[in-house]
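Counting in full-length UniProt numbering, the sequence shown runs from 1 upward without gaps.
Even for Gly, the Cβ is constructed at its ideal location relative to N, Cα and C.
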Amino acid sequence: MMVKKKALLAAGAVLAAATLALTGCSGGGAASTASSTAAAGSGSLTVWVDADRAPVLKDAAAAFTQETGVEVKLVQKDFTKIQDEFIAQVPTDKGPDITIAAHDWLGNFVANGVVQPVELGDTAANYQKVAVTAMSVEGKTYGVPYSIENIALLRNTALAPAAPASYDDMVAAGKAAGTEFPYLVQLGPDADPYHLYPFQTSFGAPVFGTNADGSYNANDLSIGNAGGEGFATWLGAQGAAGNLSLNVTSDIAKEKFLAGASPFLITGPWNVPDAQKAGITVAVDPIPSAGGQTAQPFVGVQGFVVSAKSKNALAANEFLVNYIGSEKVQTALYKVGGRAPANTAAFEAASSDPITAGFGKVAATAVPMPSIPQMGKVWQFWGVTEAAIISQKGDPVALWQKMTADIQTAIK
């Protein structure tokens with residue numbers, strides 16, 4: 001609900017004070033009106049954004065300023081440097097009011113006290129559930145999501161006319177195609193837990209268990225459960241059979257798929273344009289299960305967060321919820337970035353593209369990459385252990401158990 005500047009200015013200090021009691025509902029109905037009232041003409045907002053998203057935000061910022069009188073200053077940043085600079089500058093009052101962010105930065109942001117919750121109110125229903133979950137830590141939402149990205153199974157329809165129903169079906173279809181590889185997934189010397197995770201979850205072995213609200217429970221290291229051991233055994237068998245190879249890097253996996261050396265590539269939307277340029281008719285399918293349960297890849301969500309030190313938090317919340325969160329802006333962001341929109345209406349419109357629809361279907365059953373700080377202790381042991389198992393450097397279950405113990409020790 002957007003409120004004209006003229007109406008906002010007429011409200012006065014009494015309504016602005018009343019707004020403070022309504023911020024828990026901001027983002028919908030009367031609370032949205034109230035936050036706009038408090039925001040009207042009161043200072044400015046500084047927003048950090050990367051170069052790709054800046055043109056879209058320029059239009060949204062102009063509309064917000066026209067409606068509320070609050071100036072929005074956009075500062076272009078190198079996306080790869082934003083996390084560290086935000087953590088360093090916010091405590092000194094030199095940081096922005098709002099910044100673009102990846103959801104897996106949130107654990108670090110919350111631990112450092114540099115962000116504050118965003119009140120979505122009734123508008124929470126306007127986003128895909130997985131996107132809101134990803135932008136939340138311990139039950140509190142810390143950002144407005146704008147995009148979702150995940151891997152899926154990219155299929156060369158000329159080599160494999162139908163989607164495989166299971167992992168074994170995929171391998172069989174790949175061998176029947178007579179290509180060099182039955183399927184391709186990037187690994188490299190230290191394996192690639194991100195790309196292998198769908199197979200791991202199909203054995204019922206997520207990294208962490210979850211709480212009732214869907215947030216990750218750092219005290220429940222589920223990676224070491226019986227399903228994890230089953231996955232480790234399977235991983236060793238696939239390495240021995242030659243279905244998984246550490247020699248297949250991301251570049252080689254892509255190169256081989258573009259050359260028609262396999263009907264299948266487990267990858268993200270970033271490799272679709274080159275496949276189409278190579279003349280390959282592609283379809284996007286769910287990653288087939290190896291362990292019997294649904295193969296759930298990680299979802300990466302991008303959004304915008306509010307600084308804990310913002311002096312104009314009400315206006316910041318209003319700008320995020322009613323402007324960046326709108327179908328119009330999220331559709332524009334999709335067009336410049338190619339990532340599926342988090343806003344459900346924008347996503348439904350974007351799903352007229354079968355590639356977007358295919359990745360979105362997989363995302364609906366996927367899981368957010370853990371943003372809790374403890375996840376940082378997992379990566380250092382995870383990939384090297386998978387690499388050791390694939391290359392037959394020990395008993396798979398014993399190696400997996402040692403990895404789990406090492407992670408647990410590191411977390412403690």
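Collapsing the DSSP output to three states places F181 in coil. In the DSSP annotation of this structure, the continuous segment of the beta strand (DSSP E) that includes P145 starts and ends at V144 to N150. In this model, V321 and P145 are separated by some 10 angstroms (Cα to Cα).
Looking at the DSSP output, A340 shares a beta bridge with I148. Residue pairing for L45: DSSP places it in a beta bridge opposite V72. The residue among G204, V72 and N243 with its C-alpha nearest the C-alpha of A295 is G204. About 16 angstroms separates the Cβ atoms of P198 and P269, ruling out a contact at the 8 angstroms cut-off. As the crow flies, the alpha-carbon of A212 is around 19 angstroms from that of P373. Membership of D353 in any beta strand (DSSP E) is not indicated, and neither H nor E is assigned to it by DSSP. D50 carries a coil assignment under DSSP once its states are collapsed to helix, strand and coil. Here T99 is bridged, per DSSP, to W48 and V305. Three or more Cβ pairs closer than 8 angstroms define a contact, and the segment 355-363 meets that threshold against the segment 144-164.
Short of 8 angstroms from the beta carbon of N217, and not among the five residues preceding or following it, lie these beta carbons of its own chain, in chain order: F208, G209, T210 and N211. If you ignore the 5 residues before and after D93, its C-beta comes within less than 6 angstroms of the C-beta of K309, all in its own chain and listed in chain order. Residue pairing of Y216 in beta bridges, as defined by DSSP: T210. Collapsing the DSSP output to three states places D192 in coil. For the segment 233-312, the continuous beta strand (DSSP E) assignments of 3+ residues that do not extend past its boundaries occur at 264-267, 282-285 and 298-307, in sequence order.
Inclusion of F257 and L196 in the CB contact set at 9 angstroms is not warranted, their separation being larger than that value.
Excluding residues up to 5 positions away in sequence, D213 and S215 lie with their Cβ nearer than 7 angstroms to the Cβ of G139 in the same chain. Scanning its chain for C-beta atoms nearer than 7 angstroms, with the 5 sequence neighbours on each side dropped, one finds around L221 the residues F208, T404, I407 and Q408, in chain order. Between L45 and A315, the CB-CB gap stays under 9 angstroms. In the three-state reduction of the DSSP assignment, T141 falls in the strand class.
In this structure, the straight-line span from the alpha carbon of A349 to that of G338 is close to 13 angstroms. Here N108 carries a helix assignment [DSSP, helix/strand/coil]. In this structure, A160 is the residue among A160, L74, T65 and A111 with its C-alpha nearest to the C-alpha of V284. One alpha carbon belongs to A162, the other to E327, and they sit about 34 angstroms apart.
Following the DSSP letters along the chain, one finds L399 inside the alpha helix (DSSP H) bounded by residues P396 to I411. Take the alpha-carbon of T344 and the one of A173: they are about 35 angstroms apart. In this structure D190 is in contact with A387, their Cβ atoms being roughly 5 angstroms apart against a cut-off of 8 angstroms. Of the candidates K412, V397 and P55, V397 places its Cα closest to the Cα of G228.
By the CB criterion at 9 angstroms, D97 and A313 fall inside the cutoff.
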